[in-house]
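Residue numbers (my numbering): 1 to 400. Everything below concerns the one structure shown next.
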Amino acid sequence: MTLRDAKEKEEAMEMQHRIGWLRSLVPFLLVVAVAVGGCRNQSNRGAEKLAEDSSAAQELDTNLAFNNITLEEADEQGRVLWKVRAAQAIYTPDQQTAKVKSPTGQLYQDGKPIYRIQAREGEILKSGERILLRGEVVATDTESGAVLRADRLEWQPKQDVLMLKGNLRGSHPKIKLSAEQGKLLNKQRRAELTGKVNAVTEDPKLRLQTEHVIWDLKNEKVMADRPVQVQRLQGDKATDQATANQAEVDLIKKTAHLKQNAQLTILDPPLQISGNSLIWNVDQQTLVADQPITTVHRQQQITIRSNRGRMELKPQIAYFNGNVNATAQNQSKLTANDLTWKVDSQEVTATGDVVYVQPDPPATLRGAKAVGKLQNRTVVVSGGRVVTEIVPQQDLVPGS
Numbered sequence: 001m002t003l004r005d006a007k008e009k010e011e012a013m014e015m016q017h018r019i020g021w022l023r024s025l026v027p028f029l030l031v032v033a034v035a036v037g038g039c040r041n042q043s044n045r046g047a048e049k050l051a052e053d054s055s056a057a058q059e060l061d062t063n064l065a066f067n068n069i070t071l072e073e074a075d076e077q078g079r080v081l082w083k084v085r086a087a088q089a090i091y092t093p094d095q096q097t098a099k100v101k102s103p104t105g106q107l108y109q110d111g112k113p114i115y116r117i118q119a120r121e122g123e124i125l126k127s128g129e130r131i132l133l134r135g136e137v138v139a140t141d142t143e144s145g146a147v148l149r150a151d152r153l154e155w156q157p158k159q160d161v162l163m164l165k166g167n168l169r170g171s172h173p174k175i176k177l178s179a180e181q182g183k184l185l186n187k188q189r190r191a192e193l194t195g196k197v198n199a200v201t202e203d204p205k206l207r208l209q210t211e212h213v214i215w216d217l218k219n220e221k222v223m224a225d226r227p228v229q230v231q232r233l234q235g236d237k238a239t240d241q242a243t244a245n246q247a248e249v250d251l252i253k254k255t256a257h258l259k260q261n262a263q264l265t266i267l268d269p270p271l272q273i274s275g276n277s278l279i280w281n282v283d284q285q286t287l288v289a290d291q292p293i294t295t296v297h298r299q300q301q302i303t304i305r306s307n308r309g310r311m312e313l314k315p316q317i318a319y320f321n322g323n324v325n326a327t328a329q330n331q332s333k334l335t336a337n338d339l340t341w342k343v344d345s346q347e348v349t350a351t352g353d354v355v356y357v358q359p360d361p362p363a364t365l366r367g368a369k370a371v372g373k374l375q376n377r378t379v380v381v382s383g384g385r386v387v388t389e390i391v392p393q394q395d396l397v398p399g400s
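In C-alpha cells:
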C-alpha cells in the first residue's frame, strides 16, 4: 500500500467518526452529531466537524465550512445546553464564532428541552454562551405550547434568558399577543413584553393595550404594571372598557383586577365606575370594590360613593357599604351605612343612620331606613324615631 493509499484510507475512516472541537483547543464545544453513532476522533486535528450525510470540511482562509451539520454544547456535568442543526455552518476559530444557515434545534435547561427554535440564519458566539438567530424566528415553549415569532432571537443559557426582538407575535390556547420585544425566563415560567403591547385573552375575551406586560405562564396571569386600557370584546367589537395604572387578568378565575386610578365604563347599564381597586369578573358579570368607589349613572346622573361596593351587572343590582353618599341630578342627597340600588328601576334602599336631604321643597329626614327614588324625590324614611326637618321657603318667612 502506498503512502497516498494509506492517507486516503485514514481520511475515509475519519469520515465515519463523530469528531468534535476539543475544549483544550477551542473554547467551546461544537459536536457533530451523525445519524449513526460514532466515536470521538483522538487526532490532533482539533477543529474538524463531520456529519454522516455532510460533505467534508473545507478550509477557506481561516474559516471551516460544514454542510448538514448538528452542533451542540454541554455544561460541566455533561448535560446538553443546546443542540442546533444547520444546512451550513462556517466556523471562524480566531473569533470563536459559528455562522449557521437555516438553523433548527432545541434549547435545554438542566438537561431537558425547554424551547424549540428555527430561523433563516444565526450565529453561535463565545463558547456557546450566546446564540443569535435572525429572520423568521420561531420559538416554541415545550411546556405550555406557546409559540413566539420575531425578527431576532438571543439565547443566553447561563442567564436563563431568551430574548426576542422586532415584530414579536405570540400565540397560546388562552392568549394572543404582539409587542416590539420580549424575553422569556424559563425557571420563573414568566414572559415579559415591552413596547406597544397588545394582548387578547380568549376566556375572558379581553384586550389589553399597554407598554409593558408580564405573562405568568405557571399561574396563568397577565399583568400590566403601567397605564393600561382593557376592553371587553364581543366578537371583534369592543363593548365595556376600562383604564387603570395597573391591571391583572387571571385566566383561571376569569377576572380582571384594575388597580390605581381605575375607571370602568359599562355599556349596559350605562355606568361609569372608578376606584383604586376594581375586581371585574367578566364571565359572571360582577364587580367588587374593596376600596372606596364612585359610581355614576350616565343617563340618570345619579352618583353614589361608598367605602366598598359590589355589583351584579346582569340583574343590575348594586350594593354599597360604609359611608354611602348618593346624590341625584336634582340635588337630592341620601347618606347611610349601607345602600342597595336597583339600577334598572332606580329604586334605592338605605339602612343605618339614614339622612335624606332635598332642596325643593327644602327638607331633611333622619331614620333607620329609607326606600324610594332620588330623581323623583319620593323617599320614605322609616324605622326608629324619624326626625323630619322642613325649612320654609324664604318668601314664606314672616317679615320677609
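Ideal placement from N, C-alpha and C gives every residue a C-beta, glycine not left out. Since we're looking at a predicted model, the values are computed, not measured.
In the DSSP assignment, find the unbroken beta strand (DSSP E) run with residue i in it and report its ends.
i: Leu-133; result: 130 to 141
i: Val-147; result: 147 to 156
i: Asn-325; result: 317 to 327
i: Glu-312; result: 308 to 312
i: Asp-240; result: 237 to 244
i: Gly-261; result: The identity of residue 261 in the sequence shown is Asn, whereas the question assumes Gly. Unbroken beta strand (DSSP E) run through Asn-261: 255 to 266.
i: Leu-217; result: Per DSSP, Leu-217 belongs to no beta strand (DSSP E) and is neither H nor E.
i: Asp-338; result: 333 to 342
i: Glu-192; result: 190 to 201
i: Glu-180; result: 175 to 185
i: Arg-226; result: Run containing Arg-226: none; DSSP gives neither H nor E here.
i: Leu-287; result: 286 to 289
i: Gly-275; result: 271 to 281
i: Pro-362; result: 362 to 373
Quick one: measure Cβ to Cβ for residue i and residue j, integer angstroms, because I've assumed they're closer than 8 angstroms.
i: Ile-279; j: His-257; result: 5 angstroms
i: Met-311; j: Thr-335; result: That pair is no contact at about 20 angstroms.
i: Asp-283; j: Lys-254; result: 4 angstroms
i: Val-324; j: Leu-313; result: Between Leu-313 and Val-324 the Cβ distance is about 19 angstroms, and since that is not below 8 angstroms, they are no contact.
i: Gln-156; j: Glu-129; result: 7 angstroms
i: Ile-117; j: Ala-89; result: The Cβ separation is near 15 angstroms, so there is no contact.
Just to confirm, are residue i and residue j a CB contact at a threshold of 7 angstroms?
i: Leu-125; j: Tyr-115; result: no
i: Lys-74; j: Val-80; result: Note that residue 74 corresponds to Ala in the displayed sequence, not to Lys. For Ala-74 and Val-80, yes; Cβs fall inside 7 angstroms.
i: Asp-250; j: Lys-221; result: yes
i: Leu-267; j: Thr-243; result: no
i: Gln-109; j: Asn-198; result: no
i: Thr-201; j: Ala-224; result: no
i: Gln-260; j: Asn-281; result: no
i: Gln-301; j: Gln-329; result: yes
i: Glu-76; j: Lys-83; result: no
i: Arg-305; j: Gly-322; result: no
i: Glu-248; j: Ile-214; result: no
i: Thr-142; j: Pro-113; result: yes
i: Lys-196; j: Leu-233; result: no
i: Val-355; j: Arg-366; result: yes
Does the beta carbon of residue i sit closer than 7 angstroms to a beta carbon anywhere in chain B?
i: Ala-242; result: Among the protein chains of the structure shown there is no chain B, as only one such chain exists.
Residues in the same chain with beta-carbon distance under 6 angstroms from residue i, minus the five sequence neighbours each way, listed in chain order, please.
i: Gly-37; result: Only weak support exists for where Gly-37 lies, its pLDDT of 33 falling under 50; the value from the coordinates is given anyway. So the list is empty, once near-sequence residues are dropped.
i: Thr-303; result: Val-296, Thr-327
i: Leu-217; result: Ser-144, Arg-189
i: Asp-53; result: Note that Asp-53 scores a pLDDT of 38, beneath 50, so its modelled location is shaky; the value from the coordinates is reported in the next line. Same-chain partners within the cutoff: Asn-68.
i: Arg-45; result: Low confidence applies here, because Arg-45 scores a pLDDT of 33, under 50, leaving its location unreliable; read the following figure in that light. Answer for Arg-45: no residue qualifies.
i: Tyr-91; result: Leu-64, Ala-98
i: Leu-184; result: Leu-162, Ala-191
i: Ser-43; result: Any reading at Ser-43 must be qualified, since the residue scores a pLDDT of 31, below 50, and its modelled position is unreliable; no value is offered.
i: Ser-55; result: A caution first: Ser-55 carries a pLDDT of 45, below 50, which makes its placement in the model too unreliable to give a value.
i: Gly-111; result: Arg-79
Take residue i and list the residues in its own chain whose beta-carbon comes closer than 7 angstroms to its own, dropping the five residues that flank it on each side.
i: Ala-119; result: Pro-103, Leu-133, Arg-134, Gly-135, Glu-136, Val-137, Leu-153
i: Gln-331; result: Pro-359
i: Ile-252; result: Glu-220
i: Glu-59; result: The pLDDT assigned to Glu-59 is 44, lower than 50, so where the model puts this residue is not dependable, and the model offers no usable value.
i: Gly-275; result: Ala-262, Ala-289, Gln-291, Pro-292, Ile-293, Thr-294
i: Leu-374; result: Ile-302, Ala-326, Ala-328, Ser-332, Leu-334, Val-348
i: Ser-24; result: With a pLDDT of only 27 at Ser-24, under 50, the local geometry of the prediction cannot be trusted, and the value read off the model is given with reservation. There are no such residues.
i: Gly-105; result: Trp-82, Lys-83, Val-84, Arg-85, Ile-117
i: Gly-383; result: Gly-367, Ala-368, Lys-369
Leaving aside the five residues before and after residue i along the sequence, list all residues of the same chain whose C-beta is less than 8 angstroms from its C-beta, in chain order.
i: Asp-401; result: Nothing can be reported for residue 401: it is not among the residues displayed for the chain, which extend from 1 to 400.
i: Glu-121; result: Lys-99, Val-100, Lys-101, Ser-102, Pro-103, Leu-133, Arg-134, Gly-135
i: Val-380; result: Ala-370, Val-371, Gly-372
Count the CB pairs spanning the region 148 to 168 and the region 92 to 103 that are closer than 8 angstroms, and state whether there are at least three.
no
Give a yes or no on contact between the region 366 to 373 and the region 340 to 351, applying the rule of three or more CB pairs nearer than 8 angstroms.
Under the Cβ criterion (8 angstroms, minimum of three pairs), the region 366 to 373 counts as touching the region 340 to 351.
Does the region 164 to 171 come close enough to the region 132 to 152 to have 3 or more Cβ pairs within less than 8 angstroms?
With the cut-off at 8 angstroms, the region 164 to 171 and the region 132 to 152 touch.
Looking at C-beta atoms only, is the number of pairs between the region 168 to 183 and the region 225 to 232 that lie closer than 8 angstroms three or more?
Flag = no, the region 168 to 183 and the region 225 to 232 do not touch.
How about the region 259 to 274 and the region 295 to 310: do they share at least three Cβ pairs that are nearer than 8 angstroms?
yes
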